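Heads up, the thing below is written out as structure tokens.
2 protein chains.
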Amino acid sequence: MKKQTIKEVLQDYKKVLHHDITVYGWVRAFRSNRFIALNDGSTINNLQIVVDFENFDPEIVSKISTASSLKVVGEVVESQGAGQTVEIIAKKIIILGDNFTEERDKTILQPKKHSLEVLREQAHLRFRTNLFGAVFRVRHAVSFAIHSFFNKNQFFYINTPIVTGADAEGAGEMFGVTNFDLNNIPRDEQGDIDFAQDFFGKKTNLTVSGQLEGETAAMGLGRIYTFGPTFRAENSNTTRHLAEFWMIEPEVAFNNLEDNIDLAEDFLKYVIRYVLDNCKDDLEFLDKRFEEEQKSKPEKDRAKEGLIEKLENVIAKRFKRVSYTEAIEILLISKENKKGKFVYPIEEWGADLQSEHERFLVEKHFECPVVLFDYPKEIKAFYMKLNDDNKTVAAMDVLFPGIGEIIGGSEREARLDVLKTKMAEMHVDEHELWWYLDTRRFGSVPHAGFGLGLERLVLFVTGMTNIRDVIPFPRTPKNAEF
Amino acid sequence: MKKQTIKEVLQDYKKVLHHDITVYGWVRAFRSNRFIALNDGSTINNLQIVVDFENFDPEIVSKISTASSLKVVGEVVESQGAGQTVEIIAKKIIILGDNFTEERDKTILQPKKHSLEVLREQAHLRFRTNLFGAVFRVRHAVSFAIHSFFNKNQFFYINTPIVTGADAEGAGEMFGVTNFDLNNIPRDEQGDIDFAQDFFGKKTNLTVSGQLEGETAAMGLGRIYTFGPTFRAENSNTTRHLAEFWMIEPEVAFNNLEDNIDLAEDFLKYVIRYVLDNCKDDLEFLDKRFEEEQKSKPEKDRAKEGLIEKLENVIAKRFKRVSYTEAIEILLISKENKKGKFVYPIEEWGADLQSEHERFLVEKHFECPVVLFDYPKEIKAFYMKLNDDNKTVAAMDVLFPGIGEIIGGSEREARLDVLKTKMAEMHVDEHELWWYLDTRRFGSVPHAGFGLGLERLVLFVTGMTNIRDVIPFPRTPKNAEF
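Sequence order for the protein chains is A and B. Sequential numbering of the first sequence, starting at 998, is according to this note's numbering. Sequential numbering of the second sequence, starting at 998, is according to this note's numbering.
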């Protein structure tokens, strides 16, 4: 790339000091007809452009306004003012394109503060704000760290199918995919919908998980991971749910449950460390924002730690590993449970844990990330390995402060007969998953994996609270704008 | 990761020589009741395990067969035989799971050669073959190189939506996404389908491109790229088309057409160099396979270069940059055109170029990758920048030997009035793309980008010829198995 970004100019200013350079960007602010704060998206920091307005064409100066796009040629000098090391003394300014200020003032680009709700309605413009610039740069860093971690550890990236004929996993409600003209759906002789005439020759859906296909890949390539979109057609209008979200699912041949927990812990710590090391400016901004937010809350609801402090603490300690059975014992005798403070009181072993219980364990009892394992088989999926107690399965959930479950995974059931029995018990169609069962027929091996929702992790790292604010164009009930 | 992969053992054998180690894998071959070729997917190379069968439980030895899964403990020694540096003298062998050899012999896992068609029908098992192991390891390397290139160059990864309400781009036929019960589709008072009652409250489709949303992100973050699945509901049963494929779309604020061509060339060369440097063993295997394939062809159809040679040549030379107008002149006076050898003869300026013309330019005329630019506006999309001649747009296509178009892109039309006129001419709904037009209203800037089909590039790098063989689970008309 030949063009210098503002990030490069600010970072390596010694290389360009007292030289003329060319920079490009958008005006974030224009003070006193003299000081332009220019931003090009490469960093949260603006480059100050000093305009000696008496020496410029007044028509050009009059067009410089918030959101204007400029090309600036000028000399890099040490800055007189506070807040920046260097600035540019403009010699030439070119207005790059239209900026209709009257219309602009009806958008979030007008120079005042806007609520997150309003910013969300203009998701195509929010990339230009400090907050969303920071969030999406951090999201990039999280994604890149994920690929880097797996690549370093000899995992292969596998693209599992998005459109799928399998709807057996039961991870959630699915969206249908069809090429039919909905006004004219073909019927067979019995009067049923004739899916044989649809594009794929069968009923198809959007995937809810790439795990099962991922397992088949791991049975040949050893260590694989997916990183792709998954879908839930659930009518959940909450701050934690999206109809379309990105999931990362590693799967490792020869790994058992303990290896799987080790992998999850190493993985999360690597990614968070990477973001701390590579997104300093953005995190400092988000950290300050987080602190401000806390001030507006009642004291009992305030976070105990700052954002960066929280991230540092999470990676400093070993995650606490606790069996489901131990967790139930802790919950049963907790003051919260005895005093009826849980919405769902814990009555006995076998109860499904709710977010309130997970957060009690993480935030109050252990005060660190917790890995729960060996859950009752009834509350977990069919493919999880049955333990020798015949009551629990080798499942694991990683619980994080403020978020609850951030990773869910398991060692998989590698024994064909046990798997078939589980599928029958749980009404999973064996014939539809013939290919999945094949992996247990031919050289079956112990293996394990987990799923991470990318947006949950980005929420955690950025300190944002609504999942719609950490994905560029959120898809939720009644909302597919853009 | 605590477990050693076979790749690590073979690469760093000096660290483990004369030590006992534990390895895991699947049996690729078992010769003379003595020599096991063990593979764990980490590399195309097998690790030889020497079994002194007289000292082993005959029941275990009898279970060792092609596709069996093993855990082996043994000493690493220098190999006596040819073909490997080290081997393992087995001390302990554990059979890890079932391997039903009778059923296995009805699958592609039986020890004999199978056609690519048969392998495709058992896509869940083909990861275990040498060929598909190599293809999917190379696919991983290509993907990782793409992320690395963009990260190094300060691009941010953006996830554009998969389910979209916009169907204005017209890049191809779209799949519908719905939550309706197709047996009971709600109607409004006029008797029309009431999409307001569908999950997203409107008619939605699977995306054909993330470009338009990507442009809005580039207008804030500067340099972005997408890497995600895209869809075409086209009934094309060819070796070059998939209904679901992965696309990479960078978009760069402040770039013009020339910058865009430079970026495409740097990008492709970086990725190919990375694969050459990081997939040596797999490429050597694919190179030999490619050579064998050529032998079975009539001499005139044989490739002039070997696979690795082709890759080295592509990155050695500067891509030839040729305007569409020059290309037409070359084609018009070519022997092929005059002698009627093209299925679609070139008659005049304005003709759309077919694959046969592109391949003539690349393979016969220039004998190197070619970048064509400045195409007639009538044959290109509405968002491409209109040149001053008022006849052509600032489009570019990168053409590769054997593949034809591998990248298509353009400088975008940044002028609001010109863009609106183009949209009206091409019947693109302005109201539906209100958000896209906003990027031209507020600080519009020159910008440019392109699209790369991941599978096309993997085809080129692996020397495979059917696009269904470079994606794990291909989606094509009447086919959505797995």
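Even glycine gets a Cβ: it sits at the ideal position worked out from N, Cα and C. Please read these numbers as outputs of a predicted model, since none were measured by experiment.
Closer than 8 Å to chain A by CB, residue i
| i | result |
| --- | --- |
| B:L1203 | yes |
| B:S1441 | yes |
| B:L1116 | no |
| B:E955 | Given a span of 998 to 1479 for chain B in the structure shown, any question on residue 955 of chain B remains unanswerable. |
| B:V1058 | no |
| B:K1000 | yes |
| B:M1216 | yes |
| B:Y1380 | no |
| B:L1413 | yes |
| B:N1160 | The sequence given here has Val at residue 1160 of chain B, not Asn. Closer than 8 Å to some Cβ of chain A, the Cβ of B:V1160 qualifies, so yes. |
| B:G1337 | no |
| B:L1469 | Correcting the residue identity first, residue 1469 of chain B is Pro in this sequence and not Leu. Closer than 8 Å: yes. |
| B:T1213 | yes |
| B:N1156 | yes |
| B:K1388 | no |
| B:P1226 | yes |
| B:L1106 | yes |
| B:H1238 | no |
| B:T1418 | no |
Cβ neighbour criterion (16 or more within 10 Å) applied to residue i
| i | result |
| --- | --- |
| A:N1036 | buried |
| A:W1023 | buried |
| A:L1014 | exposed |
| B:H1424 | exposed |
| B:I1091 | exposed |
| A:I1343 | buried |
| B:T1473 | buried |
| A:Q1045 | buried |
Per DSSP, cross-strand counterpart(s) of residue i
| i | result |
| --- | --- |
| A:G1347 | In DSSP, A:G1347 forms no bridge with anything. |
| B:I1143 | Looking at the DSSP assignment, B:I1143 forms no beta bridge with any residue, so it has no partner. |
| A:A1026 | A:A1034 |
| A:V1160 | A:L1203 |
| B:M1393 | B:F1370 and B:G1406 |
| B:P1342 | Partner(s): none; B:P1342 has no beta bridge. |
| B:S1066 | B:W1023 |
| B:H1444 | B:A1250 |
| A:V1074 | A:E1084 |
| B:M1423 | Beta-bridge pairing links B:M1423 to no other residue. |
Cβ of residue i within 8 Å of any chain B Cβ
| i | result |
| --- | --- |
| A:W1346 | no |
| A:L1044 | no |
| A:N1257 | no |
| A:Q1181 | Note on residue identity: the sequence assigns Asn, not Gln, to residue 1181 of chain A. No, its Cβ sits nowhere closer than 8 Å to a Cβ of chain B. |
| A:T1235 | no |
| A:T1459 | no |
| A:F1370 | no |
| A:E1323 | no |
| A:D1278 | no |
| A:L1383 | no |
| A:K1475 | yes |
| A:P1342 | no |
| A:G1399 | no |
Whole-number beta carbon distance between residue j and residue i, since they are thought to touch under 8 Å
| i | j | result |
| --- | --- | --- |
| B:T1175 | A:F1172 | 7 Å |
| A:T1157 | A:T1223 | 5 Å |
| B:D1414 | A:H1121 | In fact, because the Cβ distance is near 20 Å, the residues do not count as touching under 8 Å. |
| A:G1448 | A:M1216 | Their Cβ separation, rounded to whole angstroms, is 18 Å, which puts A:G1448 and A:M1216 out of contact at 8 Å. |
| A:V1367 | A:E1353 | Contact doesn't hold; Cβ gap of about 14 Å is too wide. |
| B:S1206 | B:T1236 | Actually they are not in contact, since the Cβ atoms of B:S1206 and B:T1236 sit about 22 Å apart, beyond 8 Å. |
Near the ligand MG: residue i beta-carbon under 7 Å from a heavy atom
| i | result |
| --- | --- |
| B:N1030 | The model on display carries no ligand, and the ligand MG is accordingly not part of it. |
Contacting positions in the segment 1068 to 1100 of chain A - beta carbon closer than 7 Å to chain E: Absent from the structure: chain E. Protein chains present are A and B.
Meets three-Cβ-pair contact criterion under 8 Å: the segment 1376 to 1386 of chain B and the segment 1417 to 1427 of chain B: yes
The segment 1111 to 1122 of chain B in contact with the segment 1466 to 1473 of chain B per 3-pair CB rule at 8 Å: yes
Three or more C-beta pairs below 8 Å linking the segment 1273 to 1289 of chain B and the segment 1245 to 1264 of chain B: no
Touching by the beta-carbon criterion (3+ pairs, under 8 Å), the segment 1434 to 1444 of chain A and the segment 1053 to 1072 of chain B: yes
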